[in-house]
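> Top line first, the protein sequences correspond to chains D and V.
Just so it is clear: in the first sequence, position 120 is 120 by full-length UniProt numbering, and no numbers are missing.
Just so it is clear: in the second sequence, position 306 is 306 by full-length UniProt numbering, and no numbers are missing.
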Amino acid sequence: MTGTGELPTATDGRLRVLAQARWPEPGDAAPPTLPGFVHSRFSPVVAAVADRCLTRRHGERPAPEPAGGRTAVVLVSAAGDRASADHVHATVAAGGRPGPLFFFQSVPNSVAGHVAARWGLGGPVVCLAPTGDPLAEGTAEAELLLSDGDADEALLILIEQAPDDAGAGVEAAVPGDPPGTAAVAVLLGGGVTP
Amino acid sequence: MAERAPVRITGVHALSALGRGADAQLAGVLAGTPAFRPVGRFDTSARRVGVAATLADAGPLADELTEAVHAACAAAGLDTAGRAGAPLLLAAHGGTGVPALAGELARRCGLAGASRVYTSACVSASTAVADAAALIGRGDVDRIVVAAGYLVEPDQYALFDAGRALATDGAVRPFSAGRRGLLLGDGVAAVVLESATAAARRDAPTLASVLGWGRAGDAYHPCQPDPQGRGLARALGAALRRAGLRPEDIGYVNANATGTGYSDAAEAAALRLAWGEHAHRVPVSSTKALHGHALEASGLLELVVTVLAVRHGKLPVNAGWLGPDEACPLDVIRDAPRPAATGYAVSLNAAFGGANTALLVGAA
Chain D
1 MTGTGELPTA TDGRLRVLAQ ARWPEPGDAA PPTLPGFVHS RFSPVVAAVA
51 DRCLTRRHGE RPAPEPAGGR TAVVLVSAAG DRASADHVHA TVAAGGRPGP
101 LFFFQSVPNS VAGHVAARWG LGGPVVCLAP TGDPLAEGTA EAELLLSDGD
151 ADEALLILIE QAPDDAGAGV EAAVPGDPPG TAAVAVLLGG GVTP
Chain V
1 MAERAPVRIT GVHALSALGR GADAQLAGVL AGTPAFRPVG RFDTSARRVG
51 VAATLADAGP LADELTEAVH AACAAAGLDT AGRAGAPLLL AAHGGTGVPA
101 LAGELARRCG LAGASRVYTS ACVSASTAVA DAAALIGRGD VDRIVVAAGY
151 LVEPDQYALF DAGRALATDG AVRPFSAGRR GLLLGDGVAA VVLESATAAA
201 RRDAPTLASV LGWGRAGDAY HPCQPDPQGR GLARALGAAL RRAGLRPEDI
251 GYVNANATGT GYSDAAEAAA LRLAWGEHAH RVPVSSTKAL HGHALEASGL
301 LELVVTVLAV RHGKLPVNAG WLGPDEACPL DVIRDAPRPA ATGYAVSLNA
351 AFGGANTALL VGAA
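#1: Name the two residues that bound the continuous alpha helix (DSSP H) containing A345 of chain V.
#2: Please report the Cβ distance between G353 of chain V and A121 of chain V, rounded to the nearest whole angstrom; I am assuming they are in contact, meaning their Cβ atoms lie under 8 Å.
#3: Can you list, in chain order, the residues of its chain whose CB lies under 7 Å from that of D169 of chain V, leaving out five sequence neighbours each side?
#4: Just to confirm the assignment, what range does the alpha helix (DSSP H) spanning S195 of chain V have?
#5: Bridge partners for C127 of chain D per DSSP, in chain order?
#6: Would you call A204 of chain V buried or exposed, if buried means 16 or more other Cβ atoms sit within 10 Å of its Cβ?
#7: For P134 of chain D, report the span of its alpha helix (DSSP H) as first-last.
#8: With distances taken from CA atoms, which of V:A294, V:R241 and V:R334 is nearest P283 of chain V?
#9: Tell me which residues of the segment 212 to 226 of chain V have at least one Cβ-Cβ distance to chain D shorter than 7 Å, keeping chain order.
#10: In this structure, does DSSP put D331 of chain V in helix, strand or coil?
#11: Rounded to a whole number of angstroms, what is the C-alpha to C-alpha distance between E248 of chain V and A257 of chain V?
#12: Using the DSSP secondary-structure output, state which residues sit across from A154 of chain D in a beta bridge.
#13: Which residues in chain D sit within 9 Å of D131 of chain V, going by Cβ to Cβ distance?
#14: Given that a residue counts as buried once 16 or more other Cβ atoms are within 10 Å of its Cβ, and exposed if not, what is P26 of chain D?
#15: Of the choices V:K314, V:G178, V:A114 and V:L232, whose alpha-carbon is the least far from that of A129 of chain D?
#16: Measure how close the beta-carbons of V92 of chain D and P154 of chain V come, nearest whole angstrom, since I'm counting them as under 8 Å.
#17: I'd like to confirm the pairing. Which residues does DSSP put opposite H293 of chain V in its beta bridges?
#18: In this structure, how does DSSP classify L18 of chain D when only helix, strand and coil are distinguished?
#19: Can you check whether the CB of A154 of chain D is closer than 9 Å to the CB of A136 of chain D?
#20: Suppose the cutoff is 8 Å on Cβ atoms and the five residues either side in sequence are ignored; what does the same chain contact list for K314 of chain V look like?
#21: Mapping DSSP to helix, strand and coil, what is L101 of chain V?
#22: By Cβ distance, which residues of its chain are closer than 8 Å to P34 of chain V, with the 5 residues on each side in sequence left out?
#23: Going straight from the alpha carbon of T33 of chain D to that of A158 of chain V, what length do you get?
#24: According to a CB-to-CB cut-off of less than 7 Å, which residues of the segment 84 to 109 of chain V neighbour chain D?
#25: Which residues in the same chain have their Cβ closer than 6 Å to the Cβ of A106 of chain V, if we skip the five residues on either side of it in sequence?
#26: Counting only the same chain and skipping the five closest in sequence on each side, list residues whose C-beta sits under 7 Å from that of R57 of chain D.
#27: My guess is that P124 of chain D and R215 of chain V are in contact by the Cβ rule of under 8 Å, so how many angstroms apart are they, rounded?
#28: Just to confirm before moving on: does the CB-CB distance between A128 of chain V and A190 of chain V stay below 9 Å?
#29: Would you mind stating whether A243 of chain V and L211 of chain V have Cβ atoms separated by less than 9 Å?
#30: Can you tell me where the beta strand (DSSP E) with residue 380 of chain V in it begins and where it stops?
#31: Quick one: grab the DSSP three-state call for I250 of chain V.
#32: State the DSSP-derived secondary structure class of R37 of chain V, mapped to helix, strand or coil.
#33: Chain V partners of R16 of chain D, CB-CB under 8 Å?
#34: Hey, does D142 of chain V have any beta-carbon neighbour from chain D nearer than 9 Å?
#35: Could you check whether the Cβ of V172 of chain V sits closer than 9 Å to any Cβ belonging to chain D?
#36: Would you mind stating whether residue 370 of chain V and D150 of chain D have Cβ atoms separated by less than 9 Å?
Printed below as a string of C-alpha cells:
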C-alpha cells in the first residue's frame with residue numbers, strides 16, 4: 001500500500017486494527033470548519049478523519065480510560081500542510097506579516113494535539129514525513145511506541161495534500177487549498193486480531 | 001516495559017551560534033555568554049524583534065547536516081562498513097523535499113538509508129533519540145545515526161514574530177521573573193547511538209549511555225502546555241523507570257524552558273509533579289538562553305550539550321536571570337557553572353500539540 005489509497009485489514013500480528021476511517025467517504029463534501037485553523041484543509045481533514053475513526057471505536061468523546069490516556073497520535077504526511085506553508089512563504093517573501101494563527105498551524109503537531117485534547121489521548125504525539133510507504137512507516141512507529149511501553153493504542157493518521165490529485169472527490173473550496181486532500185485514520189492496538 | 005540492552009553514545013557533533021563542533025558547544029555553554037545578535041541573514045525590518053543566535057558562516061542546511069553526520073561518525077570511529085549498517089533518523093521542519101533531503105543525506109554519508117524523518121516540531125529530535133534507543137535496545141539494529149537541523153530562516157522567524165513568541169528585550173530568561181519569550185537559534189547536530197555489544201566489539205569510545213527515555217502527550221490544547229505539567233511529568237517518570245533510577249540520582253536537568261511565561265511555569269510544575277521535593281533541589285538550567293531555540297533540532301543540540309557537560313563535570317548556567325518567579329521554584333544554576341554532583345542528567349523537551357519527551361543519560 002502507498003499513500004492514503006487503501007486501508008489496512010491486518011498487520012503482522014503485533015498490532016490489530018480497532019477502527020478505521022477515510023476522508024472523504026461517500027457523501028462527504030467539505031470537512032467541518034476547525035476553529036483556530038485557517039486557509040487550508042489540511043488540519044480540518046486531519047480532525048475530521050480522526051473524529052470519524054475514534055467515534056467508530058469509542059462512540060462519544062472523550063475516549064474511555066485507561067485506553068484514552070495511553071493512546072498515541074501518529075501523524076504521517078510527506079509534505080505537511082502545503083497550502084499554509086506556501087501562503088506563509090509568499091507573504092514573507094513579499095515583505096508581509098503572516099497571520100498569527102499560522103504560527104502554530106505551521107507544524108503538524110498542533111492539529112495532532114487538537115485531536116489528542118478533544119479525545120483525551122495522553123500518549124506520545126509523533127509526526128513523521130515518510131521516506132517510503134507512509135502506512136508501513138506509520139505502522140512501524142505505532143508498533144514501536146506500543147512495544148516500548150509508552151502507549152497501548154495508537155491513532156495513525158495518513159494525509160497528503162497533492163496539488164495534482166483531484167481524484168478524491170473533494171473540490172477545492174478554500175483559496176490556496178489544493179483539491180484532493182485525502183486522509184486515512186487507523187486506530188491500532190496491541191496483539192493479534194481477536 | 002520491555003527488557004532492553006544498554007545504548008551507548010559513541011560520537012557527537014553539533015553546530016550552533018556558539019561555534020562549530022562539540023568543543024565549541026561545551027566552551028560556549030560554560031562561558032555563559034548568550035550568542036544573540038542582530039539578524040544579518042535576512043531582512044527583519046518588518047518584524048517586532050530583530051535578533052537571533054546565528055552562526056555567521058553557516059552553509060546550506062543539507063551541507064551542514066552532511067558535515068555533522070561525517071563528524072559524528074568520525075568521532076565514533078566508524079569505518080565505511082560501520083556506517084553502511086547504520087540507518088539515519090532525521091529531525092527537521094516538515095515540507096516538500098524533506099524526505100528527499102533525508103535520503104540524500106544518508107547517501108552522502110554512506111549510511112544504510114533514511115529510516116524516518118521526524119517533523120514533530122520541538123520534540124522531533126528528542127523523539128528520534130528515544131525511538132533510536134528503543135530500536136537498538138530491543139535488538140532491531142546495532143547502530144543508528146540521529147541527525148537534526150534547523151538554521152534560522154525568514155519564514156519560521158516571521159511566524160514566531162507574528163505569534164508574539166519572540167523576546168522583545170533581546171534576551172532569553174528561562175524560569176526568571178520578567179521573562180518575555182524565546183529567541184531562535186541555529187542548531188545542527190548528529191549523534192551515533194549503538195548497542196553496548198556493538199560498541200564493545202569494535203572498541204568504540206563511549207561518551208555516555210542513554211539509560212532512559214519517555215514520550216507522553218498533554219491531551220490539553222493544540223499549542224499551550226498543560227499548566228499542571230502532567231504529560232511532561234509522565235515522560236519524566238517513564239525515563240526514570242526505564243533507567244531504574246530515583247529522582248535523587250539525577251544531578252542535572254537541561255530544561256526545555258524557552259523563556260516563555262506559561263511554558264516555563266508548566267515545566268516547573270511537571271518537575272514538582274514527577275519528583276516532589278527533589279524538584280526543588282536538582283540543579284536546572286536551560287541552555288536555550290545561550291544558543292537559542294533550534295526548534296526541530298533543539299532536542300539533539302541540547303542532548304549533546306547535556307552529555308558534554310556531565311562528562312566534563314560542570315553544569316552550564318541559565319543565562320538572562322533577573323530574579324525568582326514563584327511559579328518556578330527550582331534550583332536554577334545562575335552566575336557560574338556548578339560542579340556536577342552525579343553523572344546522571346535529564347534533557348527535557350516539549351512542543352506544540354502537547355508533545356513531551358525526557359531523555360536520561362549517564363556519563364561514561
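Yeah, the Cβ is synthetic: ideal placement off N, Cα and C, and Gly gets one too.
Put simply:
#1: That residue, A345 of chain V, is in no alpha helix (DSSP H); its beta strand (DSSP E) goes Y344 to A351.
#2: 7 Å
#3: R180
#4: Counting along the chain, S195 of chain V falls outside any alpha helix (DSSP H), though it belongs to the beta strand (DSSP E) covering G187 to S195.
#5: D:L75
#6: buried
#7: P134 to D148
#8: V:R334
#9: G214, R215, A216, G217, A219, Y220, H221, P222 and C223
#10: strand
#11: 21 Å
#12: D:A72 and D:L188
#13: V126, E141, L144, L145 and D148
#14: exposed
#15: V:A114
#16: 5 Å
#17: V:L184
#18: strand
#19: no
#20: L30, P337, R338, P339 and A340
#21: helix
#22: A53, A171, V172, A289, L290, A319 and G320
#23: 26 Å
#24: G94, G95, T96, V98, P99, A102 and G103
#25: L88, G113 and A114
#26: L18, A19 and L187
#27: 4 Å
#28: no
#29: yes
#30: A query on residue 380 of chain V cannot be resolved here, the shown segment of chain V reaching from 1 to 364 and no further.
#31: coil
#32: strand
#33: Near R16 of chain D there are no residues of chain V at all, since even the closest Cβ is about 19 Å away, more than 8 Å.
#34: no
#35: no
#36: This structure cannot speak to residue 370 of chain V, because chain V is shown only from 1 to 364.
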